[in-house]
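**Q** Residue numbers for the sequence shown, in the working numbering: 4 to 315.
Note that the Cβ used here is the ideal one computed from N, Cα and C, for glycine as well.
Quick one: the structure is below, and I'll ask about it shortly.
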Amino acid sequence: MKKFTTINDIENLSKTINDAIQLKEKPYQYETLGQHKTLVMLFFNSSLRTRLSTEKAARNLGMDVMTLNVGEAWQLEFEEGAVMNLNTSEHIKEAAQVISQYADIIAVRAFPSLVDKDQDKLERIMNSFITYASVPIINMESATGHPLQALTDAITIEEFKNTAKPKVVLSWAPHPKALPHAVANSFAKMMQEREVDFIITHPPGYELDPKITKNVPIIYNQKEALQDADFVYTKNWSSYSHYGKVLEVDANWMITKEKLGAAKFMHCLPVRRNVVVEDAVLDSMQSVVIEQANNRTYAAQIIIKQILENEH
Ligand code: CP
Numbered sequence: 004m005k006k007f008t009t010i011n012d013i014e015n016l017s018k019t020i021n022d023a024i025q026l027k028e029k030p031y032q033y034e035t036l037g038q039h040k041t042l043v044m045l046f047f048n049s050s051l052r053t054r055l056s057t058e059k060a061a062r063n064l065g066m067d068v069m070t071l072n073v074g075e076a077w078q079l080e081f082e083e084g085a086v087m088n089l090n091t092s093e094h095i096k097e098a099a100q101v102i103s104q105y106a107d108i109i110a111v112r113a114f115p116s117l118v119d120k121d122q123d124k125l126e127r128i129m130n131s132f133i134t135y136a137s138v139p140i141i142n143m144e145s146a147t148g149h150p151l152q153a154l155t156d157a158i159t160i161e162e163f164k165n166t167a168k169p170k171v172v173l174s175w176a177p178h179p180k181a182l183p184h185a186v187a188n189s190f191a192k193m194m195q196e197r198e199v200d201f202i203i204t205h206p207p208g209y210e211l212d213p214k215i216t217k218n219v220p221i222i223y224n225q226k227e228a229l230q231d232a233d234f235v236y237t238k239n240w241s242s243y244s245h246y247g248k249v250l251e252v253d254a255n256w257m258i259t260k261e262k263l264g265a266a267k268f269m270h271c272l273p274v275r276r277n278v279v280v281e282d283a284v285l286d287s288m289q290s291v292v293i294e295q296a297n298n299r300t301y302a303a304q305i306i307i308k309q310i311l312e313n314e315h
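Right, here's the structure in full:
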């Protein structure tokens with residue numbers, strides 16, 4: 004693997020999932036693979052899980068890790084041919100090449116503006132690093148995708164499934180703020196690659212990018228959609244058609260114990276209790292959110308391992 008910026012970069016998905024589950028049993032079995040190599044993590048936005056799990060994954064492989072909150076460094080310019088006489092101090096062309104002198108892998112988190120759809124779809128920050136860095140790039144959540152989270156989610160479903168082809172429902176849930184589409188996008192892409200019965204439910208107006216959801220059934224009646232589900236993956240996202248807008252905060256879409264039935268509850272976290280999902284779900288044995296968060300380490304570790312192995 005030369006880079007990991009979308010789930011399409013995974014060559015053999017089933018093997019990667021099984022290898023991650025195997026790594027989880029013996030996390031230190033490749034503890035010298037990354038010796039004398041450095042992961043540089045760049046955060047344009049906040050993180051708890053991604054930051055800690057990706058660092059832990061790299062350390063399990065023997066790597067050194069350096070982290071930069073980009074907001075504390077020089078303000079970057081991304082425009083080609085820019086006359087830099089305003090606020091930006093350093094062009095991405097120099098910055099990406101310089102960071103590559105200190106890193107064997109660069110991991111980047113850069114959220115969307117949620118203002119300009121066309122600009123966000125260009126993935127300017129992630130693609131600039133791919134273009135100008137001389138080392139592999141890992142996406143730690145970009146404007147349109149969160150592939151490490153989606154790999155984590157596939158690992159978690161593989162571990163918890165009780166039938167060969169479980170029913171998996173991605174349900175929109177209310178949230179007071181406008182949130183990105185990245186987690187939902189990558190999860191929808193991932194589920195279309197897996198042996199699952201996958202459907203999406205959300206209020207009208209919250210349709211995701213149709214190029215991503217393709218032929219996935221969309222059911223606007225949440226109760227009908229959740230019927231006999233094995234896994235309910237809950238996530239808020241803002242409108243895609245009315246880009247970045249919160250159309251409604253309908254409390255009736257919150258996931259409750261009654262709605263969940265016998266299904267497992269999944270969420271990428273962080274989650275707003277009693278807005279997205281009620282306490283009774285998160286505090287029950289049906290919630291697998293903590294196991295999901297644990298699997299972030301092994302998703303990152305199998306990806307870093309595949310990138311390190313590609314170097315030899
Ligand atoms: N799920 C996830 O990416 O969590 P963080 O935003 O805390 O990294």
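#1: Given that a residue counts as buried once 16 or more other Cβ atoms are within 10 Å of its Cβ, and exposed if not, what is L250?
#2: Report the three-state DSSP secondary structure of A110 (helix, strand or coil).
#3: Along the chain, where does the alpha helix (DSSP H) containing V284 start, and where does it finish?
#4: Among the residues of its own chain, which have a CB less than 6 Å from the CB of M193, if the five just before and after it don't count?
#5: Cutting at 8 Å between CB atoms, please list the residues of its own chain near K267, excluding the five before and the five after it.
#6: Chain B beta carbons: is any one of them nearer than 8 Å to that of Y105?
#7: Going by C-alpha distance, which of Q309, N313, Y301 is nearest P30?
#8: What does the Cβ neighbour count give for K248, buried or exposed, with the cut at 16 atoms within 10 Å?
#9: Please work out which residues of its chain come closer than 6 Å, Cβ to Cβ, to G37, disregarding the five sequence neighbours upstream and downstream, and give them in chain order.
#10: Using a Cβ-Cβ cut-off of 6 Å (strictly less than) and excluding sequence neighbours within five positions of L71, which residues of its own chain qualify?
#11: Would you decide whether R276 is buried or exposed? Buried here means 16 or more other CB atoms lie within 10 Å of its CB.
#12: Does the ligand CP have a heavy atom nearer than 7 Å to the CB of R52?
#13: Who pairs with V43 in a beta bridge, going by DSSP?
#14: With C-beta atoms as the reference, is A61 less than 8 Å away from I307?
#15: What number of angstroms, rounded off, separates the C-alpha of A265 from the C-alpha of D231?
#16: Locate the alpha helix (DSSP H) running through F201, then write down its first and last residues.
#17: Under a Cβ-count criterion, where at least 16 other Cβ atoms within 10 Å of its own Cβ denotes burial, should V68 be classed as buried or exposed?
#18: Less than 8 Å separating the beta-carbons of S241 and E210?
#19: Alpha carbon to alpha carbon, what distance is there between D119 and Y246?
#20: Give a yes or no on contact between the region 140–147 and the region 119–131, applying the rule of three or more CB pairs nearer than 8 Å.
#21: Starting from the N-terminal side, write out each stretch of the alpha helix (DSSP H) that is 4 residues or longer and does not extend beyond the region 240–304.
#22: For A106, tell me which candidate among P177, V219, S137 has the shortest Cα-Cα distance.
#23: Kindly list the residues whose CB is nearer than 8 Å to the CB of Q100, restricted to its own chain and excluding five residues on each side of it in sequence; keep chain order.
#24: What residue range does the alpha helix (DSSP H) around N130 cover?
#25: Under 7 Å from any heavy atom of the ligand CP, does the C-beta of E144 make it?
#26: For the alpha helix (DSSP H) containing I158, list its first residue and its last residue.
#27: Can you tell which of A110, G208, T159 has the C-alpha that lies nearest to the C-alpha of E58?
#28: Can you tell me which of F190, D212, I258 puts its alpha carbon nearest to the alpha carbon of S283?
#29: Does the Cβ of A94 lie closer than 7 Å to at least one heavy atom of the ligand CP?
#30: Cβ of A167 within 8 Å of Cβ of E198?
#31: Helix, strand or coil: which one does DSSP assign to S189?
#32: Let me make sure I understand the geometry here. Which of L117, N21, R112 has the alpha-carbon closest to that of I140?
**A** Reading from the atomic positions:
#1: exposed
#2: strand
#3: 282–285
#4: I10, A153, A157
#5: F163, D233, F234, V235, Q289, S290, V291
#6: The structure shown has no chain B; it contains just one protein chain.
#7: Y301
#8: exposed
#9: L64, G65, M66, L311
#10: L45
#11: exposed
#12: yes
#13: M69, I109
#14: yes
#15: 8 Å
#16: Counting along the chain, F201 falls outside any alpha helix (DSSP H), though it belongs to the beta strand (DSSP E) covering 200–204.
#17: buried
#18: no
#19: 8 Å
#20: yes
#21: 260–263, 282–285
#22: S137
#23: Y135, A136, S137
#24: 127–135
#25: yes
#26: 150–163
#27: A110
#28: The displayed chain sequence assigns Ala, not Ser, to residue 283. Here the closest residue by C-alpha is I258.
#29: Per the sequence shown, residue 94 should be read as His rather than Ala. False, no ligand heavy atom lies under 7 Å from that Cβ.
#30: yes
#31: helix
#32: R112
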